[in-house]
Amino acid sequence: MSTPGGTDPRVAALEAELHGVKRREAEYRVKMVKEFLDRGERNTFLHILQHERAALIRREQEASADLEILTRKIEEAEARVASLEAELQAARAPKGSWGMTAIKPAASAGPAPRPMVPGAPFTYYLHTSPFRIYRDQAFTLRGWAWPEDGRPVTAVRVDLDGKLYPGRIGIDEPEVVARYGAQAHNPKPGFEITFETPAGRHAFSLEAQLAGVEWRSVMRTTIWCEPRAR
Amino acid sequence: MSGSDAQERWRTSRAPLGDRSNYKKVWEAQSEDGDVAALAVAGHTDEATLELTARGTIDMLKSTIGIDPSDVILEIGCGIGRVGLPLSKECLHWVGSDISSGMLKHAAARLASRPNTTLVELASVGLLELPADSFDVVYCTIVFMHLLEWDRFRYVEEAFRVLRPGGRCYVDNFTVDTETGWKIFMESYAYLIDRRPAHISMSSSREELRTYLVRAGFEDVKVHDLANGLIAATGRKPESAP
């Protein structure tokens, strides 16, 4: 609360205290520098300063990363708000016989974290490179793969931040077979998977199911999605 | 044939320049084996030496253009991610670009633990895949020696485009007037004329690198003689760049 025509006395007191703390800190550092110089330990003092600088840089880096994470969360929250508002508008609209069908199902709360699928050595190639800036709403990954232990690939999928996108297998790759020879358990090693690419950074993993039993990661990387400005 | 046609015939003739400028083919071939890939882009195969040389590169970047924890950084020709792995720990986001998808496969495996990294495959010489005004730092190290001069300049021009106003650029190469540079030159000299590989190392001069940066529009252009015998040119994109 401020006094008429003046600063709140509590604020003034806090400012004075802060000023005092800063002054004491400065005096302490001056004294420390003098002591180091008196002892002829200039380099030791520089070393300490370098350490302090490195710690500050680390803190700044962590703060920047936190800021980015927070920004993404805000963007996600904004998208959710927009989606809910659209649902609300649709619900409030006069309902004809088809009125309710206009309401989209509520977005799921998001997949629960899934344990990371272990990797395995694969011979593979991706016709549509996953190494790109993703500019559209979705992307179709096409390629071929088989495990080096020769087991059959019985399914493929993409794991994007824990959300799974199943793909299609059994696509002919005659040029691959001509080069590497026929693969007894993977005669048609081609596959394709379409997955969504919402804005932001995502953990991407291309995974294959082997012999109908276990899933193994073919490759994983981080992808960056930044839709074109409209 | 008339003499007057000669000028036209000479202008339109297409003499093959070997595979040197077919960078995708050359570097996909180098990337087929993980160790060969590491050797081709870094001269070493063991992780400890890769880490050590990467630290050296990061020190060079810090001493010439500076690295800030809030920087979004692009490497042109990142190969297996030798520099990106440690550098991503010191910046906000590191983007590695390379013309070889095979190299990027190795890089993806090495960078799997680094969430603030992105890999981008380049279709050809240039950075068409990347948006303008997006990066604080663009650097290209141990790459120019494998490129023809026009392609070196193309990457400098493209670095200018993708940098934000005020962004910093770093490129390097070896030069023949240092002991290290002369050693690299003599290693290439030892090849038989008809056995020279497409990726053979070719030097730059200080004037060449400086000219590329000045012509591309950079300001505050400097050429540095580095401790490891390389030369580097650095510049800053003007704040008022269009």
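Each protein sequence line maps, in turn, to chains P and Y.
Going by this note's numbering, the first residue of the first sequence is number 181, and it counts up by one from there.
Going by this note's numbering, the first residue of the second sequence is number 1315, and it counts up by one from there.
Every residue gets a Cβ at the ideal spot worked out from N, C-alpha and C, and that includes glycine.
Can you tell me where the alpha helix (DSSP H) with residue i in it begins and where it stops?
i	result
residue 1398(Y)	1398-1401
residue 200(P)	189-218
residue 1416(Y)	1415-1424
residue 1344(Y)	1337-1344
residue 1493(Y)	1493-1503
residue 1621(Y)	The structure shown has nothing for residue 1621(Y), since chain Y only spans 1315 to 1556.
Is there at least one Cβ from chain Y nearer than 7 angstroms to residue i's Cβ?
i	result
residue 309(P)	yes
residue 397(P)	no
residue 385(P)	no
residue 130(P)	Absent from the model: residue 130(P). The displayed extent of chain P is 181 to 410, so no value can be given.
residue 407(P)	no
residue 275(P)	Legend: pLDDT at residue 275(P) = 38, less than 50; position of this residue unreliable, value from coordinates given subsequently. Output row for residue 275(P): interface = no.
residue 278(P)	Because residue 278(P) sits at a pLDDT of 30, beneath the cut-off of 50, its placement in the model cannot be relied upon, and the following sentence gives the value as read from the coordinates. Judged by the 7 angstroms Cβ criterion, residue 278(P) is not in contact with chain Y.
residue 193(P)	no
residue 284(P)	Per-residue confidence for residue 284(P) stands at a pLDDT of 33, beneath the threshold of 50, marking its modelled position as unreliable; no derived number is given.
At a CB-CB cut-off below 7 angstroms, which residues of chain Y make contact with residue i?
i	result
residue 237(P)	1383
List the residues of chain P whose Cβ lies closer than 8 angstroms to the Cβ of residue i, in chain order.
i	result
residue 1422(Y)	311, 399, 400 and 401
residue 1429(Y)	381, 383 and 402
residue 1406(Y)	241, 244, 245 and 248
Could you tell me whether the Cβ of residue i comes closer than 7 angstroms to any Cβ of chain P?
i	result
residue 1426(Y)	yes
residue 1389(Y)	no
residue 1415(Y)	yes
residue 1340(Y)	no
residue 1375(Y)	no
residue 1543(Y)	no
residue 1485(Y)	no
residue 1432(Y)	yes
residue 1418(Y)	yes
residue 1550(Y)	no
Let me check understanding here. Comparing Cα to Cα, which of the options lies closest to residue i?
i	options	result
residue 369(P)	225(P), 387(P) and 350(P)	350(P)
residue 1456(Y)	1377(Y), 1413(Y), 1510(Y) and 1392(Y)	1392(Y)
residue 342(P)	310(P), 208(P), 199(P) and 382(P)	382(P)
residue 1494(Y)	1533(Y), 1527(Y), 1539(Y) and 1477(Y)	1539(Y)
residue 1543(Y)	1506(Y), 1366(Y), 1489(Y) and 1415(Y)	1489(Y)
residue 317(P)	225(P), 406(P) and 211(P)	406(P)
residue 338(P)	328(P), 354(P), 363(P) and 372(P)	372(P)
residue 340(P)	333(P), 399(P) and 375(P)	375(P)
residue 378(P)	404(P), 228(P), 390(P) and 304(P)	404(P)
residue 1470(Y)	1344(Y), 1439(Y), 1343(Y) and 1499(Y)	1439(Y)
Identify the contact partners of residue i in chain P, using a Cβ-Cβ distance below 7 angstroms as the criterion.
i	result
residue 1479(Y)	Chain P residues near residue 1479(Y): none, gap ~18 angstroms exceeds 7 angstroms.
residue 1435(Y)	309, 311 and 312
Who are the neighbours of residue i on chain Y, taking C-beta pairs under 9 angstroms?
i	result
residue 240(P)	1382, 1383 and 1384
Could you spell out the range, first to last residue, of the beta strand (DSSP E) harbouring residue i?
i	result
residue 1432(Y)	1431-1435
residue 346(P)	343-346
residue 1451(Y)	1449-1454
residue 1550(Y)	1544-1550
residue 1486(Y)	1477-1488
residue 387(P)	380-390
residue 327(P)	318-327
residue 1527(Y)	Note, residue 1527(Y): premise wrong, no beta strand (DSSP E); alpha helix (DSSP H) at 1520-1530.
Inset, instruction - For the region 1444-1462 of chain Y, enumerate the residues whose C-beta is nearer than 8 angstroms to any C-beta of chain P, in chain order. - result: Here the close residues are 1444 and 1445.
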